[in-house]
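For the sequence shown, position 101 (counting from the first letter as 1) is numbered 105 according to this note's numbering, and the numbering increases by one without interruption. Think of the CB as a built atom: it goes at the ideal place given N, C-alpha and C, for glycine as much as any other residue. The structure appears right after this line, and notes come after that.
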Amino acid sequence: MKPRDIQLLQEAALAEARQAATIEALEAVRVRYLGRRGLLPEVMQGLKDLPPTERPEAGRYANDLKEALTALIQERKQVLANRTVAGQTGFDVSRPGAWRGYGRRHPISRIIEEVTDIFFRMGFTVADGPDIETEYHNFDALNTPADHPSRDIQDTFWLEDGSLLRTQTSPVQIRVMESRRPPIRIIAPGRCYRRDTVDATHSANFHQIEGLYVDRAVSLAQLKGDLTYFARHLMGPDVRVRFRPHYFPFTEPSLEYDFSCHVCGGKGCRVCKQSGWIEISGAGMVNPKVLRQVGYDPETVTGYAFGMGVERIAMIKFGIEDIRLLYDNDIRFLEQFGA
Ligand code: PHE
5 MKPRDIQLLQ EAALAEARQA ATIEALEAVR VRYLGRRGLL PEVMQGLKDL PPTERPEAGR
65 YANDLKEALT ALIQERKQVL ANRTVAGQTG FDVSRPGAWR GYGRRHPISR IIEEVTDIFF
125 RMGFTVADGP DIETEYHNFD ALNTPADHPS RDIQDTFWLE DGSLLRTQTS PVQIRVMESR
185 RPPIRIIAPG RCYRRDTVDA THSANFHQIE GLYVDRAVSL AQLKGDLTYF ARHLMGPDVR
245 VRFRPHYFPF TEPSLEYDFS CHVCGGKGCR VCKQSGWIEI SGAGMVNPKV LRQVGYDPET
305 VTGYAFGMGV ERIAMIKFGI EDIRLLYDND IRFLEQFGA
């Protein structure tokens, strides 16, 4: 085939490839020209019969044909394949992707992470205990009298075998002290259960974070200092902490602690009900009876313990007015609280 004829053949081939409307038609064009018994191999075969002066030119054109046709077929195949998917499934592959967004941490998880993080900096590590507790760990070992009202079936979920759903994270204190020697410095976040009637501030299932520090000569001053450090890192550098005498069977002396209102700075507002203070939870020096119960000598070691309600802190920090919102799992509510 003369060089000029090879050029014409290329034009015809490209035109056919452009017109092929289906992948099958395109494949037929490929076979017809580039296949083992196609036109191009035939042209190649024929090169040797050309006069030597025309051979190089004809060879170049034959190569051009092969390259141009291969490239065009590949490109058209892609286009047709996309069109087929779009036609059959209604899925437009050329459309930009739809963004589903990331999930977010639940406000309760966020508070637990923030609080434990602050205590990590003070040398605390996380400890854990079971949700299903023994009466011994939840009450007896914590020096709770046998007739204490919190043991009542109206307040505690009792299981048939005599165990219970823990009403507080304080039993983790006992479990940790039973299994380790001082110095102990742990923080224990976890679920607690009480037979409370659910309302805007009560939930039958809630979370606490327990803290325990036992060593030689741990003092009430350290407890106050550490809780104040904690408060400032959690709520802001100007927050003050107030300690009030209280009673818990497992601490002596016992206290309750409040943060100055982070909204009004203590002047009194709607959030703190005009008092300037927000109640957080209880704390105190570990009762020597409890230390003796776990086999420690209260003459050589002392300790402090504190608790806090996670939901309560979340509500204060994020301005949430109804505890139930934390459990509704309404994404519109939950996604307001950052990463
Ligand atoms: N466990 C107590 C409660 O649930 C809080 C507390 C913890 C008090 C540790 C003193 C020490 O109210």
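- Excluding residues up to 5 positions away in sequence, I116 and I213 lie with their Cβ nearer than 6 angstroms to the Cβ of P193 in the same chain.
- According to DSSP, L169 shares a beta bridge with I136.
- Distances from the CB of E214 to the heavy atoms of ligand 1 include at least one below 7 angstroms.
- The distance from the Cβ of E61 to that of P7 is about 4 angstroms, consistent with a contact at the 8 angstroms cut-off.
- Within the model, the alpha-carbon separation for E139 versus V176 is close to 13 angstroms.
- Distances from the CB of Q172 to the heavy atoms of ligand 1 include at least one below 7 angstroms.
- Under the 10 Å beta carbon count, Y217 is surrounded by 16 or more other beta carbons and is classified as buried.
- When distances are taken from the beta-carbon of T306 to the heavy atoms of ligand 1, even the shortest one reaches 7 angstroms or more.
- Counting along the chain, D230 sits inside the alpha helix (DSSP H) bounded by residues L224 to M239.
- With at least 16 other beta carbons inside 10 angstroms of its own, E315 counts as buried.
- Within the chosen limit of 7 angstroms, ligand 1 does not reach the beta carbon of G240 with any heavy atom.
- Taking a 10 Å sphere around the C-beta of G311, we find 16 or more other C-beta atoms and assign the residue as buried.
- In this chain, T120 is not harboured by any beta strand (DSSP E); it is covered by the alpha helix (DSSP H) spanning P111 to R125.
- Between the alpha carbons of A150 and H141 lies a distance of about 13 angstroms.
- The C-beta distance from I190 to A131 rounds to 4 angstroms, short enough to meet the 8 angstroms contact threshold.
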